[in-house]
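Following: one structure in structure tokens, then a few remarks.
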Amino acid sequence: MQYKQMGRTGLKVSAMSIGTMFFGTQVSEEEAVKTLDLAFDKGINMFDTADAYGLGKSEEIVGKAIKNKRQSWFWLPKSATAAAAPQRFRPVPRAYYQWS
């Protein structure tokens, strides 16, 4: 796996990431966990998710899957958009991402 340096942080992020859009909808929780475990074993340490994916189900699955390896992963979050999930749309305060 190739890695990219994150600025001057000393952190190295894999050149590839895992998308989680279909976790909890078209991909079962069991398969999603297997996918994340396999990706991690192959050196991928970054995943993309959003609270609109599966109306939050994707993030719940990812949280369970990486619970014991949380410090080893990089998370690329997005917040819901009115088009994707109008019932969940709201302004997202900066602190929402800072505590994660």
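Quick note on this note's numbering: the sequence shown kicks off at 2 and runs consecutively. Ideal Cβ positions, reconstructed from N, Cα and C, are used throughout, including at glycine. In this text, all values refer to a predicted model and were calculated from it rather than measured experimentally.
- DSSP places residue 36 inside the alpha helix (DSSP H), whose first and last residues are 30–42.
- Here residue 16 is exposed: its Cβ has fewer than 16 other Cβ atoms, across all protein chains shown, within 10 Å.
- A distance below 7 Å separates the beta carbons of residue 20 and residue 49.
- Contact annotation: residue 54 and residue 2 have beta-carbon atoms that are not nearer than 7 Å.
- Going by DSSP, residue 59 is part of no beta strand (DSSP E) but of the alpha helix (DSSP H) stretching over 58–66.
- The shortest CA-to-CA distance from residue 12 to any of 77, 61, 78, 73 is the one to 73.
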